[in-house]
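K.L.:
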Amino acid sequence: MPSLCFYFQVHQPFRIKNYSFFDIGNTHEYEDDLKNHAILNKVADKCYLKTNQKMLELIQRHNGKFKISYSISGTAIEQFEKYRPDVLQSFIDLANTGCVEFLSETYYHSLSFIFSKTEFKKQVEKHAAVIKKYFNQVPKVFRNTELIYNNELANYIQDMGYKGVICEGVDRLLNGRSPNFVYQPVGAENVKLLLKNHRLSDDIAFRFSDTGWAEFPLTADKFKTWVHDIAGNGETINLFMDYETFGEHQWESTGIFNFLEHLPSEILKHPDFDFKTPSEVIDSFQARDIYDAHDFTSWADSERDLSAWLSNSMQKEAIKQIYSIEQEVLTCGNPDIIKVWERLQTSDHYYYMCTKFWNDGDVHKYFSPFDSPYDAYLYFMNVFSDLECSVKKIHKKIKMASRISKTVQVNSEEKLQTKANSSTIKKSSVKQTALAENGVPVKINKSTTPLKEQYSKMLAYMSEE
Amino acid sequence: MLGWEFPPIINGGLGIACHDLSSAMSELADITMIIPKSSPNFKMKNMNLIGLNNLDIASYGNYNDNSQSLPFNLHSFPLDLDPYYTEEYLHPNTGNYASLMGDGTERLQAFNIENLYGNDIINKVTQYANIATNIASKMDFDIIHAHDWMTMLAGVKIKQKTGKPLVMHIHSLEVDRGGENSKGWVYELEKKGMEYADLLMPVSHFTANNIHKYYGVDKNKMTVIHNGSNVVNAFKSKRKFKEKTVLFVGRLTRQKGPEKFLDIASKVLETNPNVRFVMAGVGDYFKSLLEQSSYKHIGNRFHMTGFLNLEKLRYLFSVSDIYCMPSVSEPFGLSAVEAAQFGIPCVISKQSGVAEVLSGSLKFDFWDVDKAAGCILSLLKDPVLREKIVEDASVNLDKISWDIAAQKILDTYVSKQLI
C-alpha cells in the first residue's frame, strides 16, 4: 500500500539592510525590519494563512486521511511571533488536528553542520524546544537546511536520537534506483532515509505554471495518474517542497489552490493509496537498500550540491569569518551579540552572494533583497566587521576586569601577608623598598587612589572607547 | 580657453583642475572659457563662461562651415570606441545633434546629455570643435589654451582659422589611461595635435617624459606646470573602530592600480592584522576586486565603499591614518595633495606627478608591492617617521598653489614670446 508523504518547508530569514562602511561603529542595527515585516506580511497573506486554511479544511474533510508535515525554521517562528501571531496560531490549529507532523531542523536554518558540530547540535536542540513549546510535539525526523545531507550527518543525527532523515533523492546517487522506497544510510542502522521524489515534487513547485512545459496545465487529475502509476513499484512517494509554493512562488491565479483542493480526493480514489507523515512512513516500511552519500548533497539548483551557498570566494570568505569568531562570541556573554551572530548563520545570506548564472541564478535573484551578489557580500562583511568590533570590545573589558579583580585579590592577599608578618616579625618597613637590578634601592610607587575608584575610572574609560 | 569637464559637471580631476586653474588665471588675464555643457546657475567672476548647451543656434550661424580640412591627416579609425558602426560615425559632420529646424532658438541637443563621454564621444568632440571655432572666430583674443584631447581638435581648428598661438595643457594622456601600447584615434589626435601646438604644458615631468617617450615631441616645446590645490579646511574625526586605516581614493581602473592596493593590503595584513583598508571609488574593477579580496581571505579587513560624495570622502580622509596611491601612470594625483592637507602621510607610486612636488611622502614603484607594504608597516609602528613625513608634506603644500601655477603660465606665455 503506497503512501504519499508531504513535507513543506516554512522559512523566513532575517534579511540585513544595506549596511554601509560608514555604519560600522555607528549603529548596531543590522536587520532591515521594514523589509522583513513587509515580506512576511506579503507571504502571510498570499500563502501561509490561505494555505493553512485550505490544509485545515482538507484534513477535516477527509477525516484524518489527509496528512502532512512541516519544518518551520526558528527564524520564521520568531518572525511570526514578532509580526504575525495569527500565522503562528493557524499552524497551532493544524497541529491540533493530529494529522500534522513537525520536523526537526537547525533553528537558524544554518549551514552549521558543515562548520561547527557543537553549534549545529545546539541549534537543533533549540529548534526542538520551540517546536515542543508551540506544537506540543517532540520531533523525531530531521531535515537539514535545504536538505543538505551526507552519510556523516545521518550518523550524527542517529546519535542525537532521531529515527529518520529527510534528504534529496539525487539521481547520481540513486543510480537508476527509485526514490520511492525507504533507504538506509551508510553506517547508521537506526536511521531511515526519506528521499525526495524530485520529479513529482518539482512538477508542483517549479513547473506548475510553466507554460513552456509539455504537461502544462497540470491538474489534480493528471497528477493523480502519475502517482498511481507508481503502484507496485514504490512504497512512499515523497513530495517535499517550499511551502511558499502555494500562493507565493505559484500565484493564486495559476490555479495552485484549486489543484491542492482536489489533490487528496483524487489520490484517495485509488484504494491502495494513502497519506502518511514522515514518522509514519518510517514506522511502516522497511529500508530496501543503502543510500550512500559520501559528499554533501542538497535540494538546491540543478547541481543539488553546496554550490548555491559555497561556490564562490565571497561566500566562502563570509562564512569562514563568521565561524572564526564562534568562541569569542559565545564567551562574550552578551545575548544580543550571540543572537546577531546566530542569525548571520542563516543560509540565505550566503545564497544571496551566489554568482552562478542561467536559470538557477534567476532563482537566486528572485529571492535576494540586494541588487547584486556583490552588494550582498559587501553589506554582510560590513555587518560582520561591526559585530567583530563589538565582540572584541567586550573581551577587552572582560580581560581588564579580570586583571583588576586579580590585582584586588593580590592586594588583599598582600595585606593579609603583611598583617601576618607584622604580627610576628616587624619587617614591613623593610619591604617598603626594593632593590633594582643595579643594587640601588628604588621606592615603590604606591598608588594613593583606592582600588575601587581606579576600577570605576577604568570602566568609564573603556566605555568611552 | 577650451575645457571639457567643468563644475558642476565633473567626472574626475580634470574638471576641478580646469576650474581652479582658470579662476586663478582670471585674476591675471581676461578669460573666455568654452565648455560643452554648463549650468546657467553656475557663474564665475572675471570669466566669460560659454556652455554650448545654452547657446541659441541662431547666434552663431552655420557651424558646419568649419568642417574644412585639418592641417594634418587624421584617418586612423576609432578602434577603441563603439564596435557597432552606425550612420553617424561614418558621417560625423552631418550635424545630426543640433536641430536646425524650427524657429532657430533651439538648444544644441548634443550637449544636453548626462554623459560627456560615452560611445559617441568622437562625434561630440567634432561638434564641439566646429562650434567653438565659429565662436572664437568672432572674438578678439591673444592665445588659445586647450585642456586635454577632447578640446584639441577645437584648438587646432581655431589656430588654423585665426592664426593665434596654441597652448595645450596636458592633464592626462591616452597612454596613461590605456597603457603604453595605446594607439587609435585618440592617440593619433593627441600626437598630431601636440605636434601642431606651439607650446605644451604638461602637469608634471612624469607626463612630459611620457609625451617625449610615446609621442616623440621635443621637450623644448614643453613647460611643466604642476597642479595647484585649494586650501581645504581639514579636520579630524574619531574613528568608529580601533584598527588603523589605510585609504585609497580613485576610479577602479587599470590606471589607478587598485589591484596593487589589494596586494599591498594583503601583504600588510600578513604582518599586522589590525589594519583596515578602505577603497573609495567605482569602476570596472569593482567586482573582481571584491571577489579577490574574499579570495585572499581579507574580507574582514578590506572595505569597498563605492561612489562617495565630497562630504563622505572628506570624512574618510579625516579618519584615515595613511593614504596609498599605487597608480600605474598618474599625470598628477590631486587626491594625494588632499590627503596631505588632512595631515595623512602618503605612500605613493613613483609613476605619478604628485611625487615630484610632495617630497614629504614615501614612494615606491607601482609594481613593488613589498616596498609599499613595508612603508605602510613602518608608518604604522613608527610615530617619529610619521610625524616627520606629515611635517615635510605641510612644507610642500605651501608651494602647491593654483596662484603659483597661474603666474607661471602667464610668465611662460611671455618668455616663449607667444604674446
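Going down the list, the sequences are from chains A and B.
Residue numbering for the first sequence is 312 to 776, as defined by our numbering.
Residue numbering for the second sequence is 206 to 624, as defined by our numbering.
Ideal placement from N, C-alpha and C gives every residue a C-beta, glycine not left out.
These numbers come from a predicted model, not from an experiment.
Considering only C-alpha positions, which residue in the set B:F466, B:Q460 and B:K447 is nearest to F453 of chain B?
P.N.:
B:F466
K.L.:
Flag this pair as touching only if the region 548 to 559 of chain A and the region 330 to 349 of chain A have three or more C-beta atom pairs under 8 angstroms; answer yes or no.
P.N.:
no
K.L.:
In chain A, which residues lie with their C-beta within 7 angstroms of the C-beta of N505 of chain B?
P.N.:
Q632, M692, F695, S696 and E699
K.L.:
With 8 angstroms set as the bound, which would you pick, yes or no: does the beta-carbon of E311 of chain B sit closer than that to a beta-carbon of chain A?
P.N.:
Caution is warranted here: a pLDDT of 44 is assigned to E311 of chain B, below 50, making its placement in the model unreliable, and the coordinate value is therefore given only provisionally. No, E311 of chain B does not count as interfacial toward chain A.
K.L.:
Classify R326 of chain A as buried or exposed, calling it buried when 16 or more other Cβ atoms lie within 10 Å of its own Cβ.
P.N.:
Of the other Cβ atoms in all chains shown, 16 or more fall within 10 Å of the Cβ of R326 of chain A; this residue is therefore buried.
K.L.:
Please classify P450 of chain A: is it buried, with 16 or more other beta-carbons within 10 angstroms of its beta-carbon, or exposed?
P.N.:
P450 of chain A comes out buried.
K.L.:
Could you give the DSSP three-state label for G398 of chain B: helix, strand or coil?
P.N.:
helix
K.L.:
Where does F519 of chain A sit, in a helix, a strand or coil, going by DSSP?
P.N.:
coil
K.L.:
So which of B:L539, B:P536 and B:V595 has the shortest CA-CA distance to S564 of chain B?
P.N.:
B:V595
K.L.:
Can you give me the start and stop residues for the beta strand (DSSP E) that F571 of chain B sits inside?
P.N.:
That residue, F571 of chain B, is in no beta strand (DSSP E); it is neither H nor E in DSSP.
K.L.:
Can you say whether V429 of chain B is buried or exposed, counting buried as having 16 or more other CB atoms within 10 angstroms of its CB?
P.N.:
With 16 or more Cβ atoms within 10 Å of its Cβ, V429 of chain B is classed as buried.
K.L.:
Among the residues of its own chain, which have a CB less than 7 angstroms from the CB of M366 of chain A, if the five just before and after it don't count?
P.N.:
I379 and L405
K.L.:
Taking a Cβ distance cut-off of 9 angstroms, strictly less, list which residues of the region 603 to 631 of chain A are near chain B, in chain order.
P.N.:
N623, S624, M625, Q626, K627, E628, A629 and K631
K.L.:
Anything in the region 312 to 339 of chain A with a Cβ closer than 8 angstroms to a Cβ of chain B? List those residues in chain order, please.
P.N.:
For the region 312 to 339 of chain A, which is checked against every Cβ of chain B, the residues closer than 8 angstroms are S331, F332, F333, I335, G336 and N337.
K.L.:
Closest to N352 of chain A by CA distance: which of A:V321, A:C316 and A:R395 is it?
P.N.:
A:R395
K.L.:
So is L689 of chain A in contact with chain B if we call contact Cβ pairs under 8 angstroms?
P.N.:
yes
K.L.:
What in chain D is Cβ-close to Y394 of chain A, meaning under 7 angstroms?
P.N.:
The question asks about chain D, but that chain is absent: this structure's protein chains are A and B.
K.L.:
Anyone know if the C-beta pair for E555 of chain A and C358 of chain A falls short of 8 angstroms?
P.N.:
yes
K.L.:
Do you know whose CA, among B:I553, B:Q556 and B:N505, lies nearest M692 of chain A's CA?
P.N.:
B:N505
K.L.:
With C-beta atoms as the reference, is A610 of chain B less than 8 angstroms away from A234 of chain B?
P.N.:
no
K.L.:
At 8 angstroms on the CB atoms, spell out the chain A contacts of V483 of chain B, in chain order.
P.N.:
F332
K.L.:
With 8 angstroms as the limit, tell me which residues of the region 446 to 461 of chain B have their beta carbon closer than that to any beta carbon of chain A; keep them in chain order.
P.N.:
F446 and K447
K.L.:
Which residue from A:G480, A:G566 and A:D686 puts its Cα closest to that of F607 of chain A?
P.N.:
Of the listed residues, the one whose Cα sits closest to F607 of chain A is A:G480.
K.L.:
Could you check how far apart the C-beta atoms of T237 of chain B and N253 of chain B are, in whole angstroms? I think they sit under 8 angstroms.
P.N.:
Cβ-Cβ separation between T237 of chain B and N253 of chain B: approximately 4 angstroms, consistent with a contact (criterion under 8 angstroms).
K.L.:
Please return the same chain residues whose Cβ sits closer than 6 angstroms to the Cβ of T338 of chain B, not counting the five positions on each side in sequence.
P.N.:
Correct list, in chain order: N271, K362, I363 and K366.
K.L.:
Name the DSSP beta bridge partners of V476 of chain A, please?
P.N.:
A:F453 and A:L504
K.L.:
Return the CA-CA distance between Y419 of chain B and M344 of chain B, expressed in angstroms with no decimal places.
P.N.:
35 angstroms
K.L.:
With DSSP as the reference, please indicate the residues paired to H420 of chain A in a beta bridge.
P.N.:
DSSP, once it has assigned bridges, lists no residue as partnering H420 of chain A.
K.L.:
Figure out for me which residue from A:S331, A:S658, A:S314 and A:P313 has the closest Cα to the Cα of F512 of chain B.
P.N.:
A:S331
K.L.:
Sort A:C316, A:L315 and A:S401 by Cα distance to A355 of chain A and report the nearest one.
P.N.:
Measuring from the Cα of A355 of chain A, the nearest candidate turns out to be A:S401.
K.L.:
Helix, strand or coil: which one does DSSP assign to E639 of chain A?
P.N.:
DSSP, read as helix, strand or coil, puts E639 of chain A in helix.
K.L.:
For R519 of chain B, which of helix, strand or coil comes out of DSSP?
P.N.:
helix
K.L.:
Mapping DSSP to helix, strand and coil, what is V481 of chain A?
P.N.:
coil
K.L.:
How many Å lie between E292 of chain B and N335 of chain B at the Cα?
P.N.:
Because the pLDDT at E292 of chain B is just 35, under 50, the model does not fix this residue reliably, and the point stays unresolved.
K.L.:
For the alpha helix (DSSP H) containing A439 of chain B, name the first residue and the last one.
P.N.:
Segment: none, A439 of chain B is in no alpha helix (DSSP H) and carries neither H nor E.
K.L.:
For S227 of chain B, does the three-state DSSP call read helix, strand or coil?
P.N.:
helix
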